[in-house]
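Asks: Residue numbers for the sequence shown, in the working numbering: 2 to 330.
One structure coming up, written as structure tokens, with questions to follow.
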Amino acid sequence: MVKAVVAGASGGIGQPLSLLLKLSPYIDELALYDVVNSPGVAADLSHISTKAKVTGYLPADDGLKAALTGADVVVIPAGIPRKPGMTRDDLFNINAGIVRDLITGIALYSPSAFILIISNPVNSTVPIAAEVLKKHGVFDPKKLFGVTTLDVVRSETFTATVVGKPDPSVFKIPVVGGHSGDTIVPLLSLSEPKVEISDSDRDALVHRIQFGGDEVVQAKEGKGSATLSMAHAGFRFVDSILKAVAGETGVVENTFVYLSGIPGGDTVKSITPGLDFFSVPVELGPSGAVKVINVLSQVSDYEKGLLEVAYTGLAANIKKGVDFIVGAP
Ligand code: NAD
Ligand code: LMR
């Protein structure tokens, strides 16, 4: 029996993500938590004739506890999105506290659940989550994931457009680093199938992948950021986890993780300037991350340059998240 929880289920991402999860053959129970409208969203989805039993919870009457108790997977898209002109880091002041409080609930009521964090800034909210879980003595790095799948989805789509392939899903492109602007590092040199493009096309493609989120924020003109593509990406990640839990082998997703807690992670950490968190291809198994796949030692000189830039931004974002919980020195 698999219970999945969406925290932030009434929002722009939460609703379509909950719809996709309601269609999953792996999920028996789907609990929707939000500060508004979650009973309504749950009532609506509950009429769909798939097996998952859907329930909706608000904060009143210990709703967070009821939603989380018995959870196997908790996905968190709670928090405010960007408006034009904002960076993801501008969301920190509001979203840091939201993530801290939800993770505290997970530490208390479902400490062994897989935790997938979508709320931005991911580069900081995942370190926040790790520190809260550590404080409660329940941190399992193999089960805490920052969701960077949308960067991978974009790299597949935009690359297919540039090289003129009709089906973007044939591409496997590692995207490492973090989830904001130049901390997003697509490794096009490791793409399968190979991508043969000019240096100027490559530069433009990398820039589009790094700043793809801005395209959506600008197109939505103040009404939020990516929601539908994010719901797809979030679902893809949950689906991969549930496939691995069900015994499928060779399941790999790129995700922002605490490196030292996962076999192979320290090798990647030693290539970076000692960063604790990094997005990397991770093999998934029944109890979470099984192995970090080291792609950093195979990158091109051009990509080494991109990584150097990413390291600086990431170090600051990670420190900001950790300091939010443990206090600035
Ligand atoms: P939204 O405003 O449409 O929805 C957010 C939802 O969170 C709302 O329903 C709100 O009521 C709820 N919420 C607020 N505080 C809460 C709390 N304490 N507990 C439970 N729910 C709470 O925003 P959105 O477009 O769905 O985006 C959500 C977040 O996801 C943003 O931070 C955005 O930047 C981020 N995001 C991340 C990625 C990624 O690739 N990781 C992609 C897109 C968006
Ligand atoms: C994205 O990449 O689309 C998200 O992180 C949302 C944003 O703020 O751009």
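Beta carbons are placed, not taken as given, at the ideal position from N, Cα and C, and that holds for glycine.
Note down, in chain order, each residue of its chain lying with its Cβ closer than 8 Å to the Cβ of residue 316, except the 5 sequence neighbours on either side.
Replies: If you number the sequence shown from 1, residue 316 lands on position 315. Once the five neighbours on either side are set aside, the close Cβ partners of residue 316 are 274, 276.
Asks: For residue 150, which three-state DSSP category applies?
Replies: Sequence index remark: in the sequence shown, residue 150 carries index 149 (1-based). In the structure shown, residue 150 sits in a helix (DSSP, three-state: H, G or I).
Asks: With a Cβ-Cβ cutoff of 8 Å, do residue 44 and residue 57 count as a contact?
Replies: As a first step, residue 44 must be located in the sequence shown, where it is residue number 43. As a first step, residue 57 must be located in the sequence shown, where it is residue number 56. Contact flag set, yes.
Asks: Have a look at the DSSP bridge pairing and note the partners of residue 256.
Replies: Counting from one through the sequence shown, the residue named residue 256 turns up at place 255. Answer by DSSP bridge pairing, in chain order: 148, 281.
Asks: Taking residue 294 as the reference, give the member of 272, 34, 271, 265 with the closest Cα.
Replies: Here residue 294 refers to the residue found at position 293 when the sequence shown is read from its first residue. Nearest C-alpha to residue 294: 265.
Asks: Suppose you measure from the CA of residue 90 to the CA of residue 23; what does that come to, to the nearest Å?
Replies: Position 89 of the sequence shown holds residue 90. Position 22 of the sequence shown holds residue 23. Those two C-alpha atoms are separated by around 32 Å.
Asks: Under 7 Å: does the beta carbon of residue 42 sit that close to some heavy atom of the ligand LMR?
Replies: Looking up residue 42 in the sequence shown gives position 41. Outside the cutoff, so no.
Asks: Give me the Cβ distance between residue 7 and residue 15, rounded to the nearest whole Å; I'm assuming they're in contact under 8 Å.
Replies: Along the sequence shown, read from residue 1 onward, the residue named residue 7 stands at position 6. Along the sequence shown, read from residue 1 onward, the residue named residue 15 stands at position 14. Yes, they are in contact, since the Cβ atoms of residue 7 and residue 15 sit about 5 Å apart, within 8 Å.
Asks: Any chance the CB of residue 124 is under 7 Å from a heavy atom of the ligand NAD?
Replies: Indexing the sequence shown from 1 puts residue 124 at position 123. Residue 124: no, Cβ never under 7 Å from the ligand NAD.
Asks: Name the one or two DSSP bridge partners that residue 276 has.
Replies: In the sequence shown, the residue the question calls residue 276 occupies position 275. Its beta-bridge partners do not exist; DSSP assigns none.
Asks: Below 8 Å between beta carbons: does that hold for residue 100 and residue 126?
Replies: Position 99 of the sequence shown, counted from the first residue, corresponds to residue 100. Position 125 of the sequence shown, counted from the first residue, corresponds to residue 126. Contact: yes.
Asks: With C-beta atoms as the reference, is residue 284 less than 8 Å away from residue 258?
Replies: Residue numbering aside, residue 284 sits at position 283 when the sequence shown is read from its first letter. Residue numbering aside, residue 258 sits at position 257 when the sequence shown is read from its first letter. Contact flag unset, no.
Asks: Cβ atoms of residue 171 and residue 331: under 8 Å apart, would you say?
Replies: Absent from the structure is residue 331, since the part of the chain shown begins at 2 and ends at 330.
Asks: State the DSSP-derived secondary structure class of residue 307, mapped to helix, strand or coil.
Replies: Indexing the sequence shown from 1 puts residue 307 at position 306. Residue 307: helix per DSSP, three-state reduction.
Asks: Could you check if residue 86 is buried or exposed, using at least 16 other CB atoms within 10 Å of its CB as the buried criterion?
Replies: Mapped onto the sequence shown, residue 86 falls at position 85. Looking at its Cβ environment, which holds fewer than 16 other Cβ atoms inside 10 Å, residue 86 is exposed.
Asks: Mind checking residue 35: buried by the 16 CB within 10 Å criterion, or exposed?
Replies: Counting from one through the sequence shown, the residue named residue 35 turns up at place 34. Flag for residue 35 reads buried.
Asks: Does the region 292-312 come within contact of the region 156-170, defined as at least 3 CB pairs closer than 8 Å?
Replies: No, they do not touch.
Asks: Within the same chain, show all residues whose beta-carbon is closer than 7 Å to that of residue 254, passing over the 5 residues directly before and after it, in chain order.
Replies: By one-based count along the sequence shown, residue 254 stands at place 253. Closer than 7 Å at Cβ, skipping near neighbours: 150, 238, 241, 283, 285.
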